[in-house]
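Under the numbering used here, residue 1674 is the last one in the sequence shown; the count climbs by one each step, no gaps.
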Amino acid sequence: MNNIYITYNNKPILADVVIMRLGLIFLLIGTHTFAPYSGSWESLPNSNDLSIYKYFSSFAHYISMPALIFISGYLFGHTWQRTTAQPFKTFVFKKFKRLIIPSIIFSFFYFLLFKDTTLPTSKVSYAIVNGCGHLWFLPMLFWCFICCYLLHKSKIDNKIIIALLAILSILPIPTLPLRLSSTCTYLVFFYLGSIMQISGVGGVMNNKAIALIILVASYFFLQFGLLMVQDFEFSSLIQKVLYLLTVNAAKLLLGLSGIGIAFIATQMFLSKNSIIAESIIILSTYCYGIYIIHQFILMLFYYNTPIADIINPFVLPWIAFIATLLLSVFITAITLRTKIGRFLIG
């Protein structure tokens, strides 16, 4: 694969990762900013009067979340030669320290701030270990790393693995502990990202603009298709299973389209911009911290201040988006200046 590198602190960095990660974190904050209008979060005063906003969260989600998982796999594939040389126990320990420990620590504070602390200790502990709120992403990603490591070590043909993971992603799997259900859904995106680096798949693409137009059209078509079937009523178990299979298949295709949109748009941007400012590179290194911090800010902003009653409902989410983005960047920058901060989100 023809990787484009930039240098920061005398280290080579993948240019497409820098740009793609930044764009995706913007989309992710947008996803959660408009979550109260889509029904994903508790609604805000007068939020039902702004019907147009209910689409924003969903349209951003199926690009941001699958593509963030894809880019994690993409980076994993890029470091595979170094990773495969180390013992499996060492690899697991590093990912546990990187993902599970921050998840547990920040989930503790998330539960303390936003959840019912009068619940039995066993339920509180279970929720924290699973990852509260948006922190579900961290244990899910941990399992993606572990599974992907083992799959690459297995030497099974990539086409067979991709086919099996695609089937796994659309099966109506019941809720499993430690976010293993989410891992079943998203592992295919992570694995695809890894093999693009390890196998050198997806080099220079001709007609990027045409491909991007087709993907965007497919993305909108699938989005509206999901909206049309979301109120479908089923009268039997078979109908329910078929419905879930159809919806999950549409979500898989949406995720793949979203990844394609993000990846190709990034390649097109880099073809026109060969130099990336140092400030952009630094912001990209903040993305992990921004992910962890942003939802704390949004939840406090929406549900623990009177701001939703004061600001015009039409402009509220835009102010929330800007405030959350700026505060997340600021808090991440300050936190990374400390030893504990670098350990948790560095």
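Each residue gets a CB set at the ideal place from its N, CA and C atoms; glycine is no exception.
Residue range of the unbroken beta strand (DSSP E) whose run includes residue i
| i | result |
| --- | --- |
| TYR1336 | 1333 to 1336 |
| LYS1339 | 1339 to 1342 |
Straight-line Cα distance separating residue j from residue i
| i | j | result |
| --- | --- | --- |
| ASN1516 | ILE1498 | Correcting the residue identity first, residue 1516 is Val in this sequence and not Asn. About 11 Å. |
| ILE1399 | GLY1588 | 12 Å |
| ILE1526 | TRP1408 | 7 Å |
| ILE1429 | ILE1621 | 15 Å |
| ILE1610 | TYR1571 | 44 Å |
| GLY1617 | ALA1363 | 20 Å |
| SER1385 | THR1361 | 8 Å |
| PHE1442 | THR1503 | 22 Å |
| LYS1382 | SER1366 | 4 Å |
| LYS1481 | MET1393 | 26 Å |
| ALA1343 | GLN1595 | 9 Å |
| ALA1413 | PHE1470 | 19 Å |
| PHE1562 | PRO1500 | 15 Å |
| TYR1454 | ASP1444 | 13 Å |
| PRO1415 | PHE1404 | 16 Å |
| GLY1461 | THR1359 | 14 Å |
| SER1712 | VAL1457 | Outside the displayed span of the chain (1329 to 1674) sits residue 1712, for which this structure offers no information. |
| ILE1566 | LEU1496 | 18 Å |
| ARG1507 | PHE1671 | 23 Å |
| SER1371 | THR1574 | 28 Å |
| ARG1349 | LEU1479 | 25 Å |
Residue i: first and last residue of the uninterrupted alpha helix (DSSP H) it sits in
| i | result |
| --- | --- |
| ILE1625 | 1615 to 1631 |
| LEU1654 | 1644 to 1663 |
| SER1527 | Careful: SER1527 lies outside any alpha helix (DSSP H) and carries neither H nor E. |
| GLN1558 | Element bounds for GLN1558: n/a, residue is neither H nor E. |
| ASP1637 | 1635 to 1638 |
Three-state class that DSSP yields for residue i in the structure shown
| i | result |
| --- | --- |
| SER1563 | coil |
| GLY1405 | helix |
| GLN1414 | coil |
| ILE1592 | helix |
| ILE1604 | coil |
| GLY1674 | coil |
| PRO1430 | helix |
| THR1574 | helix |
| LYS1568 | helix |
| LYS1443 | coil |
Cutoff 8 Å: residue i Cβ touching any chain D Cβ
| i | result |
| --- | --- |
| ALA1494 | As a matter of chain content, chain D is missing from the structure shown, which is built from one protein chain. |
Exposure label - residue i; buried when at least 16 CB within 10 Å
| i | result |
| --- | --- |
| SER1602 | exposed |
| VAL1643 | exposed |
| VAL1345 | buried |
| VAL1569 | exposed |
| TRP1646 | exposed |
| SER1612 | buried |
| PHE1439 | buried |
| TYR1333 | exposed |
| ILE1484 | exposed |
| ALA1648 | buried |
| PHE1465 | buried |
| GLN1623 | buried |
| ILE1380 | exposed |
Which residue spans inside the region 1448 to 1524 form an unbroken alpha helix (DSSP H) run of at least 4?
-> For the region 1448 to 1524, the continuous alpha helix (DSSP H) assignments of 4+ residues that do not extend past its boundaries occur at 1449 to 1458, 1465 to 1482, 1486 to 1498, in sequence order.
What are the start and end residues of each continuous beta strand (DSSP E) run of 3 or more residues lying completely inside the region 1339 to 1398, in chain order?
-> 1339 to 1342
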